[in-house]
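Residue numbers (our numbering): 1 to 519.
Built from N, CA and C at the ideal position, the CB exists for glycine as well.
For clarity, every value in this text was computed on a predicted model and none was experimentally measured.
Since the structure comes first, as structure tokens, the remarks are kept for the end.
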Amino acid sequence: MPEQLTLRELGMAAGVPAGILEKASKRGGVRARFFCIRDSMLLCYEAGKAVREYWEAQLSTALGAGRGGWIPEAEGGRWLLETEDEIWRMDERLCAALDAYKPRAVLPLVGSTVHLLEEERFGIVVRHHRSQYKLYCSSDAEQAAWFHAMVGAQDLSASNLLVEMHAKEHAFDERDEARQRAKLAEEDAAEASEEARVHKAAVTRFREKHEELQQQWRALEAECDEEERRTAEICAQLDEATAAREAAAATLRLAEARRLELIAARDGVQQAVERDVQPRVAKAEQKARDAEAFAAAESARVAQLTLQLRQVEEAVAVERARANALAASREASRAARPSLKSLLAVQRDAPNPPAAASHPLVERVRARLNQQPSVAAPPVEESEELAAMRKELEASRQRAERRKLEREERKKQREELTESAAHEARAEPVVEVAATPVVETPPPRLGSKLTTSETRLSVMPESAPLGDDEKDLEVLRERLQESRARAERRKLEREERRRLREAAEDITLARSRQISADL
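The structure is reproduced here in structure tokens:
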């Protein structure tokens, strides 16, 4: 490239040229060196393999530089760095590999001559008195860039050099001040180490106390794990009880459907009997009085059971209140755990441990620990509530088995009675009684429930002579009345058992919640 081309004609901006070039040595060899033009000085640094890698990694990614430091496109790219800070970055590895203040060689460009080597390709020679440097570039564009950068550096004034000299003096002064500050920092560090030795014994004591507290904490954690395991077992038992309850409910629904079928069959038999035989008033009134007496007795029994149920509900309310109080106390204990942990951390890391030891929370913890025995905590025994709950669950299972057997037995008896009543109703003839006065009772409304007095059949007076057919009908009516009375009693018993079962389930649920809250 001709020498008369200027930087403006090449389309390049002013800046700091820097990069890796080949330099001819005095013995004839060629070695790579890192060159940088600072003001009017050409600085030469050792460029090993690591420096080359750091340079290429830094400028190729950030500035798009090529292998020698310049990008491959001569006229379309940027050939000069805007500032020297782009080279000497404190956080880059290139700055650590090269000491900016200790170059291998310094060549002043003011008063020196710079020529292109015509006989050697891409070469530049720089002469200053007896010093001569031959530099070799990788392309015409790079050769022109370095050449014009050196020529431009020759025109620097002495004022810039004076400014640089003052800057160096200022840097040396700052270095001395930094050394003085480092010395003072070392003295402060010695004093701090002396204070650390003074407090070392106290820190050791607090660490021992911390280890003791950690052991107690681990013991409490083990106890909590055991309680959680027991809670899981109780929850599993509750799930089994719930499944059994659902199965019993399904069986109860089937029994209810069967009962409705039997009631429908009974109503059919009753209608058939009422069409054929007109009940007598006297026997009906007597049986009505008996039914009223039985209903009064049953009402008294229901009142007694209601009183028992109310007492059970009050006990359930008391247990629930106790469970809520225990849950609140447990929540307060859990809320205090983070503060205890933070206090232990402060006690371990505090710069002045005696001040941390006088914290009120630490005093309360120490008082609590002094009240407790220092020996290892005994194994947690099963509480009376858990034992009572297990016994109650076992008793509920046994009661469920007994109820199941009783239901099966009642179902079998009901089927036998229904079959015999239906057979007798089909077998008996229709008897017409014309001479005997009768008292007609209005038929029950559709969808209404029959009372005990209404469901009992009317029979002939005892003074009237009875035939064989009428005696059979009387026996059938008595059986029907007995079956209805038993059905009413069983219905009341089922209602009573259902209420007691619900009350027991509420008590069990309240106790399980209380135990869960305690854990």
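Proximity of residue i and residue j at Cβ, strictly below 8 Å
i: Trp146; j: Leu162; result: no
i: Arg33; j: Leu42; result: no
i: Ala400; j: Ala236; result: no
i: Tyr45; j: Leu98; result: yes
i: Ala153; j: Ser40; result: yes
i: Ile37; j: Met150; result: yes
i: Glu298; j: Leu492; result: yes
i: Glu474; j: Leu305; result: no
i: Ala291; j: Gln514; result: no
i: Ala510; j: Val198; result: no
Reference residue i; option with closest CA among the options
i: Arg477; options: Glu406, Leu500, Gln271, Arg403; result: Gln271
i: Arg320; options: Asp506, Glu120, Ser342, Val106; result: Asp506
i: Arg403; options: Arg498, Arg414, Arg310; result: Arg498
i: Ala503; options: Glu496, Arg322, Val312, Ala297; result: Val312
i: Arg484; options: Arg511, Ala328, Leu262; result: Leu262
i: Leu480; options: Ala219, Ala265, Leu305, Ala293; result: Ala265
i: Glu53; options: Arg31, Leu94, Ala24; result: Leu94
i: Glu256; options: Arg494, Gln514, Arg511; result: Arg494
i: Ala395; options: Arg289, Thr508, Gln286; result: Thr508
i: Arg490; options: Glu409, Arg511, Ala24; result: Glu409
i: His115; options: Ala317, Ala487, Gln143, Ala105; result: Gln143
i: Glu406; options: Glu331, Gln216, Leu252, Arg310; result: Leu252
i: Lys411; options: Glu119, Ala487, Ala50; result: Ala487
i: Arg258; options: Lys471, Trp217, Arg31, Glu415; result: Glu415
i: Phe294; options: Trp55, Val51, Glu482, Lys23; result: Glu482
i: Arg334; options: Arg310, Cys224, Gln286; result: Cys224
i: Val269; options: Gly48, Ala196, Glu419; result: Glu419
i: Pro103; options: Leu117, Glu120, Ala47; result: Ala47
i: Glu120; options: Glu240, Gln214, Glu212, Lys23; result: Lys23
i: Ala96; options: Ser193, Ala178, Glu118, Val51; result: Val51
i: Leu117; options: Gln216, Glu331, Asp140; result: Asp140
Contact belief for residue i with residue j at Cβ below 8 Å, rounded distance in angstroms
i: Ala517; j: Leu254; result: Actually they are not in contact, since the Cβ atoms of Ala517 and Leu254 sit about 38 Å apart, beyond 8 Å.
i: Ser112; j: Phe122; result: With 8 Å as the limit, Ser112 and Phe122 do not qualify as a contact, their Cβ atoms being about 20 Å apart.
i: Leu107; j: Ser131; result: 6 Å
Any C-beta of chain D under 8 Å from that of residue i
i: Glu505; result: The displayed structure is made up of one protein chain only, and chain D is not part of it.
Taking contact to mean at least 3 C-beta pairs separated by less than 8 Å, is the stretch 124-132 in contact with the stretch 160-179? Short answer: they don't touch.
Length-filtered (4 minimum) alpha helix (DSSP H) runs lying within the stretch 112-197: 140-154
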